[in-house]
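Take the position in the first sequence, starting the count at 1, then add 11; the result is the number in our numbering.
Some notes on the structure that comes next.
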Amino acid sequence: MRYSEMFLPTGRETPSDAEVISHQLMLRAGMIRKLTSGIYSYLPLGYRVIKKVEQIVREEMDRAGAQEVFMPAVQPAEIWMESGRWKMYGKELLRFKDRNNREFCIGPTHEEVITEIVRNEIQTYRQLPKNLYQIQTKFRDEIRPRFGVMRCREFGMKDAYSFDVDERGAEISYGKMFEAYTRIFSRCGLQFRPVEADTGSIGGSFSHEFLVTADSGEDGMVYCTSCDYAANLEKAEIDRPEKYEVEESELLPVEEVYTPDVRTIEEVCQFLDVTARDVVKTLIFVADDSPIAVLIRGDVEVNEIKLRNYLGCDSLELATDDIVFEVTSSPKGFAGGIGIKSDIIADYSLINMKNFVMGANKENYHVKNCNMERDFAVKDFADVRMIEETDTCPRCDSPIKFARGIEVGHVFKLGTKYSKAMKATFLDKDGKDKYMIMGCYGIGIGRTAAACIEQNHDNDGIIWPLSIAPYHVIITPVNINDEKIATVAEKLYADLEKRGVEVILDDRDERAGVKFKDADLIGIPLRITLGSKKLSEGKVEVKFRKSKDVDEVALYNVEDFIVKTVHEGLGER
RNA sequence: CGGGGCGUAGCGCAGCCUGGUAGCGUACCUGCCUUGGGAGCAGGGGGUCGUGGGUUCAAAUCCCGCCGCCCCGACCA
12 MRYSEMFLPT GRETPSDAEV ISHQLMLRAG MIRKLTSGIY SYLPLGYRVI
62 KKVEQIVREE MDRAGAQEVF MPAVQPAEIW MESGRWKMYG KELLRFKDRN
112 NREFCIGPTH EEVITEIVRN EIQTYRQLPK NLYQIQTKFR DEIRPRFGVM
162 RCREFGMKDA YSFDVDERGA EISYGKMFEA YTRIFSRCGL QFRPVEADTG
212 SIGGSFSHEF LVTADSGEDG MVYCTSCDYA ANLEKAEIDR PEKYEVEESE
262 LLPVEEVYTP DVRTIEEVCQ FLDVTARDVV KTLIFVADDS PIAVLIRGDV
312 EVNEIKLRNY LGCDSLELAT DDIVFEVTSS PKGFAGGIGI KSDIIADYSL
362 INMKNFVMGA NKENYHVKNC NMERDFAVKD FADVRMIEET DTCPRCDSPI
412 KFARGIEVGH VFKLGTKYSK AMKATFLDKD GKDKYMIMGC YGIGIGRTAA
462 ACIEQNHDND GIIWPLSIAP YHVIITPVNI NDEKIATVAE KLYADLEKRG
512 VEVILDDRDE RAGVKFKDAD LIGIPLRITL GSKKLSEGKV EVKFRKSKDV
562 DEVALYNVED FIVKTVHEGL GER
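Below you can see the structure in the form of structure tokens.
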């Protein structure tokens with residue numbers, strides 16, 4: 012395409028409302044424009060990238076045996092009521108009524124629709140397994156959209172759904188998707204890591220997130236320095252410690268101490284001259300309307316996801332001040348295990364604690380030398396804390412490390428959650444009706460492109476890998492008014508297009524510097540610079556955006572050189 | 001939903017405190033000049049100052065309501 016004819020509004024200035032680098036660069040490179048909060052248009056350059064990502068996704072999904080479908084964005088409330096999610100999904104589900112006052116939503120995901128299709132059309136095990144996918148616009152009314160296209164409300168997503176006759180089959184389907192995802196993100200030129208993840212509101216038995224490593228990522232992950240264990244921070248397990256008796260620390264008598272206005276762990280430590288490891292903090296939660304006390308060592312944090320999973324509750328939140336008063340008979344800051352009016356769950360971190368400090372359930376008092384069993388009863392011990400960098404790998408006990416990442420893909424083994432709720436059954440070999448075992452698999456398309464920019468940019472702009480670059484090559488004639496240069500540029504442009512190379516001819520009557528800046532900003536992997544001096548020697552320059560290397564190539568050879576470089580870069584032939 | 005900030009030309013911002021002809025940079029148009037990393041000079045076009053009301057002789061500026069956007073938190077495949 013001729014640059015002069017393109018709709019490519021690039022900008023020199025960084026838009027003030029863009030926080031992360033990918034958002035800034037997508038705006039500056041004329042890839043996207045915001046319509047309203049969390050809702051973006053893709054301009055031609057951006058849409059070309061999206062289509063490249065989609066194409067890679069299609070090829071790898073098809074290779075893995077999945078088939079593409081296209082489902083409605085607008086969905087009737089009935090199927091969501093059937094699955095139980097009309098109530099569960101909350102405000103993120105955008106709901107509305109049609110002219111007949113019937114309720115609808117805009118699909119944030121398509122488990123209900125696909126299950127509705129499959130249950131009607133599949134009767135026997137002979138028709139299974141099946142894996143169906145689509146690439147479609149989703150809508151999730153995010154509480155706070157941010158980071159441009161990375162966390163927005165309307166976004167393009169590939170979602171796939173597998174249906175199997177048994178657990179074993181479902182695991183094979185899951186494995187195929189896992190492999191396909193690995194290929195997809197590799198082909199997109201991303202550095203990523205699959206990590207064990209929580210299943211969240213989608214539900215199901217286990218899942219992996221594919222996180223693109225980036226400091227700007229919203230997800231924390233932990234990985235083992237020795238084995239291949241890696242998990243989302245909110246999922247990362249912590250082993251139950253061995254119980255051991257320490258001889259010299261015999262149980263001391265309980266002692267109530269006056270601690271006026273001493274509420275936080277920090278204040279308690281200072282006031283009583285102890286460390287946070289000697290203190291137990293007591294948090295009151297409300298799980299599905301009933302209060303529960305969680306005891307945990309003072310220096311570590313409660314992992315609410317783990318707690319929610321352990322309790323098996325739908326809603327979980329920290330108790331309000333009045334509920335705290337009801338349960339502990341004291342204002343916030345003095346809660347403890349002794350005499351509390353609720354069940355107590357103790358984190359594993361308490362197992363070896365003796366003679367610890369705790370709130371007294373009495374305003375302005377704490378208790379020293381508390382001990383479990385002797386002083387109060389714990390209903391159960393559980394792993395409900397956030398992992399720390401000083402912990403060790405739950406699999407092999409080696410040191411672990413933390414990193415941040417952008418979630419670009421998520422695979423779930425759903426089991427029968429939806430097939431049961433929506434009665435998706437098939438007739439098995441033994442003549443009995445059985446529920447299909449499902450899996451679901453998502454990839455955020457726009458987010459994948461944004462993640463790629465987070466990982467591949469420099470001060471001058473984006474650095475696309477060839478596989479998803481909007482164009483492979485940009486031809487930059489230093490002076491379009493120089494007839495010789497213009498002629499060569501035109502011929503090279505036509506020849507490269509003929510060979511199937513995606514090429515921009517920067518035929519604008521601009522100074523060279525302007526063209527260079529734009530070429531760098533939009534991140535085209537290869538630039539052919541045509542200047543009069545080199546041209547008179549029969550040479551042109553080929554500049555590599557990523558390495559900044561410049562190759563001098565003979566004019567007669569440049570077409571082949573480019574074709575070869577592009578093919579090699581795309582991993583062809 | 002709680003807290004904070006912002007809304008003035010396509011973009012980035014000043015002006016507001018202390019009311020009195022709406023400005024700067026950039027981008028855009030015309031001409032000259034220039035042509036290997038966002039040149040220079042001259043001339044020019046473009047703004048209901050988010051919106052509704054109030055105060056005032058007079059409101060971008062002061063007061064009240066509303067809307068939008070951004071940030072922090074809570075929340076979230």
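Note that the Cβ used here is the ideal one computed from N, Cα and C, for glycine as well.
It should be emphasised that the depicted structure is a prediction, and the values quoted were computed from it without experimental measurement.
Ile398 - DSSP class collapsed to helix/strand/coil: Within the first sequence, numbered from 1, the residue matching residue 398 stands at position 387. Here DSSP, grouped into helix, strand and coil, assigns Ile398 to coil.
Rounded separation between Glu418 and Val223 - CA only: By 1-based counting over the first sequence, the position of residue 418 is 407. By 1-based counting over the first sequence, the position of residue 223 is 212. Glu418 and Val223 have their C-alpha atoms roughly 6 Å apart.
Ile533 - containing alpha helix (DSSP H), residue span: For the purposes of this step, residue 533 is taken as the residue at position 522 of the first sequence. For Ile533, the enclosing alpha helix (DSSP H) has its first and last residue at Ala523 to Ile533.
For Val124, three-class secondary structure by DSSP: The sequence position of residue 124 within the first sequence is 113, counting from 1. Of the three classes helix, strand and coil, the one that applies to Val124 here is helix, per DSSP.
Cβ neighbours of Gly455 in the same chain (closer than 7 Å, five flanking residues each side left out): Within the first sequence, numbered from 1, the residue matching residue 455 stands at position 444. So the qualifying residues of the chain are Phe166, Met168 and Val419.
Cβ contact check for the stretch 361–368 and the stretch 285–293: 3 or more pairs under 8 Å: Counting Cβ pairs under 8 Å, three or more are found: they touch.
Alpha-carbon to alpha-carbon, Ile43 and Ile61: Position 50 of the first sequence holds residue 61. Position 32 of the first sequence holds residue 43. Their backbone Cα atoms lie some 11 Å apart in a straight line.
Any 3 or more C-beta pairs closer than 8 Å across the stretch 47–67 and the stretch 389–401: With a cut-off of 8 Å on Cβ pairs, the stretch 47–67 is not in contact with the stretch 389–401, counting fewer than three such pairs.
Contacts around Met82, its chain only, beta-carbon distance under 6 Å, and the 5 residues preceding and following it disregarded: Numbered from its first residue, the first sequence carries residue 82 at position 71. Cβ neighbours of Met82 beyond the five flanking positions: His121, Val124 and Gln145.
Alpha carbon of Asn486 to alpha carbon of Phe572, nearest angstrom: Position 475 of the first sequence, counted from the first residue, corresponds to residue 486. Position 561 of the first sequence, counted from the first residue, corresponds to residue 572. The question names Asn, but residue 486 in the sequence shown is Ile. Taking the straight line joining both Cα atoms gives about 14 Å.
Cys163, DSSP secondary structure in three states: Numbered from 1 along the first sequence, position 152 holds the residue referred to as residue 163. Residue state, collapsed to three classes: coil.
Counterpart residues of Ile474 in DSSP-defined beta bridges: One-based indexing of the first sequence puts residue 474 at position 463. According to DSSP, which records beta bridges pairwise, Ile474 is partnered with nothing at all.
Cβ shell of Gln35 (< 6 Å), same chain only, five flanking positions each side left out: Position 24 of the first sequence holds residue 35. Answer for Gln35: Thr25 and Ala29, listed in chain order.
Close Cβ partners of Leu263 (< 6 Å) along its chain, the five nearest in sequence each way excluded: Working through the first sequence from its first residue, we reach residue 263 at position 252. If we look at Leu263 and ignore the five residues flanking it on each side, its Cβ neighbours are Asn366 and Asn380.
DSSP-derived helix/strand/coil call for Pro651: Outside the modelled stretch of the chain, which goes from 12 to 584, sits residue 651, for which no answer is possible.
Run of the beta strand (DSSP E) containing Gln147, from where it starts to where it stops: As a first step, residue 147 must be located in the first sequence, where it is residue number 136. Start and end: Lys141 to Phe150.
Backbone CA spacing between Ile90 and Val80 [nearest angstrom]: Mapped onto the first sequence, residue 90 falls at position 79. Mapped onto the first sequence, residue 80 falls at position 69. The alpha-carbon of Ile90 is positioned some 19 Å away from that of Val80.
Ser94, buried or exposed, once every other Cβ within 10 Å from all chains shown has been counted against 16: Position 83 of the first sequence, counted from the first residue, corresponds to residue 94. Buried, because 16 or more other Cβ atoms sit within 10 Å of the Cβ of Ser94.
6 Å CB neighbourhood of Leu38 in its chain, flanking five on each side removed: Locating residue 38 in the first sequence gives position 27, where the first residue counts as 1. In chain order, Pro26 and Ala29 place their CB closer than 6 Å to the CB of Leu38, counting only its own chain and leaving out the 5 sequence neighbours on each side.
Buried or exposed by the 16-neighbour rule on C-beta atoms within 10 Å, applied to Val68: Residue 68 sits at position 57 when you count from the first residue of the first sequence. Counting of Cβ neighbours within 10 angstroms places Val68 among the buried residues, the total reaching 16 or more.
Beta-carbon contacts of Leu327 that lie in its chain and below 7 Å, excluding the five residues immediately before and after: Start at 1 with the first residue of the first sequence, and residue 327 comes out as number 316. Correct list, in chain order: Phe296, Ala298, Glu315, Leu318 and Arg319.
Three-state secondary structure assigned by DSSP to Cys116: Counting from 1 along the first sequence, the entry for residue 116 is found at position 105. Strand.
Contact check, Asp310 vs Ala346, beta carbons under 8 Å: Here residue 310 is taken as the residue at index 299 of the first sequence, counted from 1. Here residue 346 is taken as the residue at index 335 of the first sequence, counted from 1. In this structure, Ala346 does not lie closer than 8 Å to Asp310 by Cβ.
Bridge-paired residues (DSSP) for Phe586: This structure leaves residue 586 out entirely; the chain is present only between 12 and 584.
Length of the line joining the Cα atoms of Ala241 and Met232: What you label residue 241 is simply residue 230 of the first sequence in a count that begins at 1. What you label residue 232 is simply residue 221 of the first sequence in a count that begins at 1. Spanning the two alpha carbons is a distance of roughly 7 Å.
Contact between the stretch 241–250 and the stretch 332–340 (3+ Cβ pairs under 8 Å): Per the Cβ contact rule, the stretch 241–250 is not in contact with the stretch 332–340 (fewer than 3 Cβ pairs under 8 Å).
Closest residue to Ile479 among Leu541, Ser184, Asp506 and Gly582 (Cα-Cα distance): Taking the first residue of the first sequence as position 1, residue 479 is located at position 468. The candidate whose alpha carbon is nearest that of Ile479 is Gly582.
Arg194 beta carbon less than 8 Å from that of Glu71: On the first sequence, residue 71 is found 60 positions in, with the first residue counted as 1. On the first sequence, residue 194 is found 183 positions in, with the first residue counted as 1. Yes, Cβ-Cβ distance for Glu71 and Arg194 is below 8 Å.
Cβ shell of Tyr192 (< 6 Å), same chain only, five flanking positions each side left out: What you label residue 192 is simply residue 181 of the first sequence in a count that begins at 1. Excluding sequence neighbours, Tyr192 sits near Phe221 and Gly420.
Beta-carbon proximity of Pro87 to Arg113, cut-off 8 Å: Indexing the first sequence from 1 puts residue 87 at position 76. Indexing the first sequence from 1 puts residue 113 at position 102. Judged by their CB atoms, Pro87 and Arg113 are nearer to each other than the 8 Å cut-off.
Close-in-space but distant-in-sequence residues of the same chain around Leu516 (CB under 7 Å, 5 per side omitted): On the first sequence, position 505 is the one that residue 516 refers to. Hits under 7 Å: Arg13, Tyr14, Ile486, Ala500 and Tyr504.
Three-state class that DSSP yields for Arg130 in the structure shown: Translated into positions along the first sequence, residue 130 becomes position 119. Arg130 sits in a helix when the DSSP states are folded into three classes.
Alpha-carbon spacing of Pro156 relative to Ala462, whole angstroms: Along the first sequence, read from residue 1 onward, the residue named residue 156 stands at position 145. Along the first sequence, read from residue 1 onward, the residue named residue 462 stands at position 451. Within the model, the alpha-carbon separation for Pro156 versus Ala462 is close to 16 Å.
Closest Cα partner of Val525 within the set Asn490, Gly549 and Gln134: Indexing the first sequence from 1 puts residue 525 at position 514. Of the candidates Asn490, Gly549 and Gln134, the one whose C-alpha sits nearest the C-alpha of Val525 is Asn490.
Spatially closest choice to Ala603 from Gly76, Asp230, Ile154 and Asp152, by CA coordinates: Because the chain in this structure spans residues 12 to 584, residue 603 falls outside the shown range and cannot be described.
Proximity winner among Pro271, Glu16, Arg106 and Tyr234, relative to Ala414 (alpha-carbon distances): Counting from 1 along the first sequence, the entry for residue 414 is found at position 403. It is Tyr234 whose Cα lies nearest to the Cα of Ala414.
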